[in-house]
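Numbering (this note's numbering), first residue to last: 154 to 605.
From the three backbone atoms N, C-alpha and C, an ideal C-beta is built for every residue, glycine too.
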């Protein structure tokens, strides 16, 4: 291994930075030579702890307790800049690649003028530009105690979408979009949401959303805002009963807070059963593969004419984001429920005044199809019509009551079918009720009463 001599107080030359080099130090009086390896921080090589002297710096120059630290610092201070320079790969010193002979004008590309869109795309663009002003962004506002003495503060809890119902300022959305505020049972007339409305001038207005009413079983709520009629542009109401699988469908909403987002797809299925937050079946649900994500809830599902055919309400997914299976409350249900909420603050739902068994229990008791009646409200129309309930016999055995197999024109195969049938009926209406009694079909006339 080669030995290198250390010049007096001189900067370290580059070859001394090699990891295998040793520093040859000589005593000024001709003493023995000492070989010392590079300090630890120079290429990671350990230093020899033997003594040496610096012959020209006015110090004893020993690598002992006193001199070792001084000499190492001197070596490091002079060697470190050179080590950085030698360790830098030559490839990093890249020369400029520009070509001075080329001007910016020579390499600038011309922009191709936009041509006319295909007819199908033009129709989609026109649909969005025509309907987007009817869609609002809704922030649920929950009243919480403030840490200060000022009382309560309004805290936005979540967001979703809504639809302008008419020029009077009524806004339709999902119950679950404002569910946090509704869980506190606020009275009608209280502000429970912030409604963001986009005007045709491109500016958004933040308005107070006052509670009109809600129905948890149908996952619908109605708010009211105070806005000029020219800002309120309701959508035309479509006929969801005449929809066909394969039709184009469009969803507009505020997924993940990105307001006025359009997604497109087709109607994938009809007459789907949608279970609301209350566990009640919403019959006639519309299925679409248009992307519906959190924030789309409460927004409109449109057909190719821009008519409202449903209110987006749910997605079928394991991840919380769209998986190509979305559901909307059909417009026919919305058209029946919303006017009642506006007038009464709730839905006046008809009832048979009967208690029905869960399907699983009915099957265990030997009922193959239909809705088994467990109880009948005393004094109700059903009781007066002679409808019988399940009871205990004298020996403690179970005596089955009537089993509903039909209501009016609707066939009943399970308990949920009763709710579906009642959706299309009204309070005070007299309907034929078909039941199985001791194996025989019996028809009785029942007047529908208001559900309690």
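On the three-state DSSP scale, how would you describe residue 346? As a working note, residue 346 is residue 193 in the chain shown. The answer is strand: DSSP assigns residue 346 an E or B state.
Can residue 494 and residue 366 be called in contact, C-beta distance under 8 Å? As a working mapping, residue 494 is identified with position 341 in the chain shown. As a working mapping, residue 366 is identified with position 213 in the chain shown. In contact: residue 494 and residue 366 (Cβ atoms closer than 8 Å).
How about residue 447 and residue 408: are their beta carbons less than 8 Å apart? Counted from its first residue, the chain shown places residue 447 at position 294. Counted from its first residue, the chain shown places residue 408 at position 255. Between residue 447 and residue 408, the C-beta gap is smaller than 8 Å, which places the two residues in contact.
Secondary structure of residue 250, DSSP reduced to three states: Within the chain shown, numbered from 1, the residue matching residue 250 stands at position 97. Residue 250 falls in the coil class under three-state DSSP.
Drop a sphere of 10 angstroms on the beta-carbon of residue 585, count the other beta-carbons inside from all chains shown, and report buried for 16 or more, exposed for fewer. Residue mapping note: residue 585 aligns to position 432 of the chain shown, counting from 1. Counting Cβ neighbours within 10 Å, residue 585 comes out exposed, since fewer than 16 surround it.
Report the residue from 555, 465 and 538 whose alpha carbon sits nearest the alpha carbon of residue 515. Sequence index remark: in the chain shown, residue 515 carries index 362 (1-based). Comparing Cα positions, the closest option is 555.
Spatially closest choice to residue 568 from 531, 537 and 524, by CA coordinates: The residue given as residue 568 occupies position 415 in the chain shown. Answer by Cα proximity: 524.
For residue 285 and residue 314, what's the separation of their Cα atoms in angstroms? As a first step, residue 285 must be located in the chain shown, where it is residue number 132. As a first step, residue 314 must be located in the chain shown, where it is residue number 161. Taking the CA atoms as reference points, residue 285 sits about 11 Å from residue 314.
For residue 588, count the other beta carbons within 10 Å of its own beta carbon; 16 or more makes it buried, fewer makes it exposed. Which is it? Mapped onto the chain shown, residue 588 falls at position 435. The residue is buried, with at least 16 neighbouring Cβ atoms inside 10 Å.
Applying the 10 Å Cβ sphere with the 16-neighbour rule, what's the burial state of residue 497? Along the chain shown, read from residue 1 onward, the residue named residue 497 stands at position 344. Exposed.
Would residue 213 be called buried (16 or more neighbouring beta carbons within 10 Å of its own) or exposed? On the chain shown, residue 213 is found 60 positions in, with the first residue counted as 1. Low per-residue confidence applies at residue 213: pLDDT is 44, beneath 50, and the placement is therefore not dependable enough to give any value.
DSSP state of residue 408, grouped into three classes? As a working note, residue 408 is residue 255 in the chain shown. Three-state result, residue 408: helix.
Completely contained alpha helix (DSSP H) runs for the stretch 317 to 387, where each covers 4 or more residues: Listed in chain order, the complete alpha helix (DSSP H) runs (minimum 4 residues) inside the stretch 317 to 387 are 332 to 335.
What number of angstroms, rounded off, separates the C-alpha of residue 438 from the C-alpha of residue 506? Stepping through the chain shown from its first residue, residue 438 is reached at position 285. Stepping through the chain shown from its first residue, residue 506 is reached at position 353. Answer to the nearest angstrom: the Cα atoms are 26 Å apart.
Could you pull out every unbroken alpha helix (DSSP H) segment of at least 4 residues lying fully inside the stretch 527 to 566, listed in chain order? Segments of the alpha helix (DSSP H) lying fully in the stretch 527 to 566: 534 to 537.
Report back the beta-carbon spacing between residue 327 and residue 372 to the nearest angstrom; my notes put them in contact at under 8 Å. As a first step, residue 327 is located in the chain shown; it is residue number 174 there, counting from the start. As a first step, residue 372 is located in the chain shown; it is residue number 219 there, counting from the start. Correct: roughly 5 Å between the Cβ atoms.
Quick check: is the beta carbon of residue 404 nearer than 8 Å to any beta carbon in chain C? Annotation note: the requested chain C is absent from the structure, which comprises a single protein chain.
Have a look at the DSSP bridge pairing and note the partners of residue 596. On the chain shown, residue 596 is found 443 positions in, with the first residue counted as 1. DSSP, once it has assigned bridges, lists 587 as partnering residue 596.
Note down the Cα distance separating residue 601 from residue 500, rounded to an integer number of angstroms. As a working mapping, residue 601 is identified with position 448 in the chain shown. As a working mapping, residue 500 is identified with position 347 in the chain shown. For the pair residue 601 and residue 500, the Cα-to-Cα distance works out to about 15 Å.
According to the neighbour-count rule (16 or more other Cβ atoms, all chains shown, within 10 Å of its Cβ), is residue 546 buried or exposed? Position 393 of the chain shown holds residue 546. When all chains shown are included, residue 546 counts as exposed.
Less than 8 Å between the beta carbons of residue 390 and residue 484, yes or no? Your numbering for residue 390 matches position 237 in the chain shown. Your numbering for residue 484 matches position 331 in the chain shown. Yes, the pair counts as a contact, with Cβ atoms nearer than the cut-off.
Which whole-angstrom value is the C-beta distance of residue 526 and residue 557, which I expect to be below 8 Å? In the chain shown, residue 526 corresponds to position 373, counting from 1. In the chain shown, residue 557 corresponds to position 404, counting from 1. Correct: roughly 7 Å between the Cβ atoms.
Check whether the stretch 326 to 344 and the stretch 255 to 268 are in contact - that is, three or more C-beta pairs closer than 8 Å. These segments do not touch.
Using 8 Å for Cβ pairs, my map puts residue 352 next to residue 358. What's the rounded Cβ distance? Counting from one through the chain shown, the residue named residue 352 turns up at place 199. Counting from one through the chain shown, the residue named residue 358 turns up at place 205. So it is a contact: roughly 6 Å between Cβ atoms.
Determine the direct distance from the alpha carbon of residue 325 to that of residue 317, and round the result to whole angstroms. The residue given as residue 317 occupies position 164 in the chain shown. The residue given as residue 325 occupies position 172 in the chain shown. Rounded to whole angstroms, residue 317 to residue 325 spans 7 Å at the Cα level.
Can you list, in chain order, the residues of its chain with a C-beta nearer than 7 Å to that of residue 396? Leave out the 5 residues immediately preceding and following it. The residue labelled residue 396 in the question sits at position 243 within the chain shown. Excluding sequence neighbours, residue 396 sits near 420, 423, 439 and 462.
For residue 450, which residues from the same chain have a beta carbon less than 8 Å from its beta carbon, with the 5 sequence-adjacent residues on both sides left out? Looking up residue 450 in the chain shown gives position 297. So the qualifying residues of the chain are 313, 314, 326, 327, 329, 330, 406, 465, 466 and 467.
Could you please give the first and the last residue of the uninterrupted beta strand (DSSP E) stretch that includes residue 453? Locating residue 453 in the chain shown gives position 300, counting from the first residue. Element bounds for residue 453: 453 to 455.
Suppose you measure from the CA of residue 251 to the CA of residue 262; what does that come to, to the nearest Å? The residue you call residue 251 lines up with position 98 of the chain shown. The residue you call residue 262 lines up with position 109 of the chain shown. Each residue's alpha carbon lies about 18 Å from the other.
Residue 255 and residue 452 closer than 8 Å at C-beta: Counted from its first residue, the chain shown places residue 255 at position 102. Counted from its first residue, the chain shown places residue 452 at position 299. No; because the gap between Cβ atoms is not below 8 Å, this pair is not in contact.
Span of the beta strand (DSSP E), counted from its first residue to its last, around residue 483: Against the chain shown, residue 483 aligns to sequence position 330. Per DSSP, residue 483 belongs to the beta strand (DSSP E) from 479 to 483.
Kindly give me the distance between the Cβ atoms of residue 385 and residue 281, rounded to whole angstroms, as I take these residues to be in contact under 8 Å. Mapped onto the chain shown, residue 385 falls at position 232. Mapped onto the chain shown, residue 281 falls at position 128. In this structure residue 385 is not in contact with residue 281, their Cβ atoms being roughly 19 Å apart against a cut-off of 8 Å.
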